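The structure under discussion appears below in the form of structure tokens.
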Amino acid sequence: MTRILATLILGVLMPVSLSAQSVSDQAKKLHSSSIVIDTHDDTTQRLLDPNFDLSVRHSDGNIDIPRMREGGLTGIFFSIWISSKILGPDAVKQALDQIDAVRETVRKHPNDLLLATTAADVRQAKTQHKIAVLMGVEGGHMMGNDLSVLRTFAALGVRYMTLTHMDNNEWADSSTDKPVHNGLTDFGKDVVREMNRLGIIVDVSHVSDKTFEDAIAVSKAPVFASHSSCRAICNAPRNMTDDMMRALAKNGGVIQINYHVGFLSQEFRDYEKEHPDTEKEINDEIKKRCGDNEACKLTTGDQVVRDFMEAGKLPKVDWTKIVEHIDHAVKIAGIDHVGLGSDSDGAVMPIGMQDVTHLPQITGALLKKGYSESDVRKILGENTLRVLSEAERVSRELNSSK
Ligand SMILES: [Zn+2]
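Residue numbers (our numbering): 1 to 402.
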């Protein structure tokens with residue numbers, strides 16, 4: 001979930017400028033036979049609406065079961081997200097409600113979805129032609145400073161936790177707040193150790209650079225950045241520097257590239273800063289389209305921003321920018337350390353990547369760039385599965401050494 005969405009929140013409507021038909025047969029075949037994992041998706045906010053049905057094709061939003069199938073997605077991490085302003089028992093309760101909403105969605109669609117908590121589960125889902133549903137808690141504030149809540153999250157199937165969201169919490173600094181802890185506090189380090197023991201992957205998206213360093217130093221298992229892009233291309237604090245990517249690679253981790261236009265394009269980012277009135281215009285347009293319908297607001301922001309881009313009111317950001325970030329990350333961190341973390345239904349998708357059905361275009365573009373089939377498979381999902389397997393291995397070792 002990004003700032004633009006935390007304030008305006010988003011969606012999708014229109015057809016596509018570049019269709020999946022432009023993808024070669026080789027790419028389609030490779031894509032459909034690969035494990036394809038998206039490590040960050042905010043559709044959970046829609047699952048809380050009793051009128052929302054994930055099993056039917058929607059004209060808005062980025063994700064539903066028919067479109068995930070069409071886009072060849074094997075596994076998706078649904079994000080458990082609440083604002084980092086909400087704390088204490090309220091935060092815990094709302095996180096548990098969202099975990100329940102994800103679990104109930106899986107229970108209601110047993111022919112399409114499989115609740116996955118291990119790498120083996122994800123492969124099993126692929127074999128059974130189902131979509132593996134995983135969960136990540138996006139912000140350590142949701143555990144209410146209580147390790148027993150973290151253990152409950154793990155027992156319910158949560159497999160990663162982003163240490164912070166946009167505000168610092170009581171034990172870790174965020175990349176979008178003023179540092180107060182100089183990274184992780186002693187308790188923050190205990191949180192990381194307990195996550196290692198429980199097999200919950202340490203997610204360093206959103207955290208400050210110093211929190212990142214501390215997390216890498218403390219964690220016995222590889223960490224990942226579930227939805228971050230490259231700061232060398234777009235200078236957002238949410239993105240990773242080349243040095244951070246090198247450290248992540250040394251740790252065995254993965255950076256999963258975020259598709260949000262404000263993290264992909266420096267031009268878009270600069271324009272947003274220089275034209276603060278545009279945000280008001282966007283909000284007015286959302287209000288015009290949605291009135292007071294909150295569910296509509298949730299999925300309209302990203303379409304409005306894309307419409308503004310198409311109309312020349314904002315710099316155009318094309319989906320090929322995602323491939324540019326992937327390619328840069330591979331050059332810096334290596335082929336074993338890059339993956340996909342779209343931030344779907346929580347950010348603004350670029351032109352040509354309006355929803356998950358367009359995913360095979362990335363496979364096509366990487367092949368065209370000269371990536372081998374085995375390298376493409378790594379980026380699509382194998383690297384992420386390796387981190388999940390490693391988290392399981394470290395967890396087993398830590399539990400057996402007690
Ligand atoms: Zn986020």
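We put the CB at the ideal spot given by N, CA and C, even for glycine. Remember, it's a predicted structure, so these values are computed and weren't measured experimentally.
Going by the beta-carbon positions, is the gap between residue i and residue j smaller than 8 Å?
i, j, result
"residue 376", "residue 385", "no"
"residue 131", "residue 76", "yes"
"residue 140", "residue 81", "no"
"residue 226", "residue 167", "no"
"residue 208", "residue 234", "no"
"residue 392", "residue 118", "yes"
"residue 219", "residue 192", "yes"
"residue 92", "residue 180", "no"
"residue 328", "residue 249", "no"
"residue 72", "residue 115", "no"
"residue 86", "residue 94", "yes"
"residue 106", "residue 361", "no"
Expressed to the nearest angstrom, what Euclidean distance is found between the alpha-carbon atoms of residue i and residue j?
i, j, result
"residue 316", "residue 259", "14 Å"
"residue 96", "residue 144", "12 Å"
"residue 358", "residue 74", "14 Å"
"residue 41", "residue 63", "8 Å"
"residue 404", "residue 108", "Look at the range of the chain in this structure, 1 to 402, and you will see that residue 404 is not part of it."
"residue 30", "residue 281", "42 Å"
"residue 152", "residue 28", "40 Å"
"residue 182", "residue 295", "39 Å"
"residue 13", "residue 61", "With a pLDDT of only 37 at residue 13, under the threshold of 50, the placement of this residue in the model should not be trusted, and no figure is reported."
"residue 475", "residue 305", "In the structure displayed, the chain extends from 1 to 402; residue 475 sits before or after that span and is not available."
"residue 256", "residue 78", "15 Å"
"residue 197", "residue 310", "48 Å"
"residue 286", "residue 356", "22 Å"
"residue 283", "residue 344", "19 Å"
In three-state terms, what does DSSP make of residue i?
i, result
"residue 79", "strand"
"residue 21", "Any reading at residue 21 is ruled out, since the residue's pLDDT is 49, under 50, leaving its predicted position unreliable."
"residue 339", "strand"
"residue 320", "helix"
"residue 265", "coil"
"residue 129", "coil"
"residue 389", "helix"
"residue 160", "strand"
"residue 254", "strand"
"residue 383", "helix"
"residue 87", "coil"
"residue 114", "strand"
"residue 224", "strand"
"residue 202", "strand"
"residue 184", "strand"
"residue 351", "strand"
Give me whichever residues DSSP pairs with residue i in a beta bridge.
i, result
"residue 230", "240"
"residue 286", "BP columns for residue 286 are empty, so no partner."
"residue 344", "41"
"residue 33", "According to DSSP, which records beta bridges pairwise, residue 33 is partnered with nothing at all."
"residue 174", "207"
"residue 311", "Bridge partners of residue 311: none, in fact."
"residue 135", "78, 158"
Hey, out of the options, whose CA is closest to residue i's CA?
i, options, result
"residue 46", "125, 297, 91", "297"
"residue 261", "246, 319, 129", "319"
"residue 246", "197, 344, 216", "216"
"residue 129", "120, 146, 360, 111", "111"
"residue 382", "37, 89, 22", "37"
"residue 200", "135, 239, 344", "135"
"residue 334", "378, 174, 72, 232", "378"
"residue 390", "53, 170, 254", "254"
"residue 289", "307, 275, 276", "307"
"residue 169", "293, 88, 343, 331", "88"
"residue 223", "185, 160, 187", "160"
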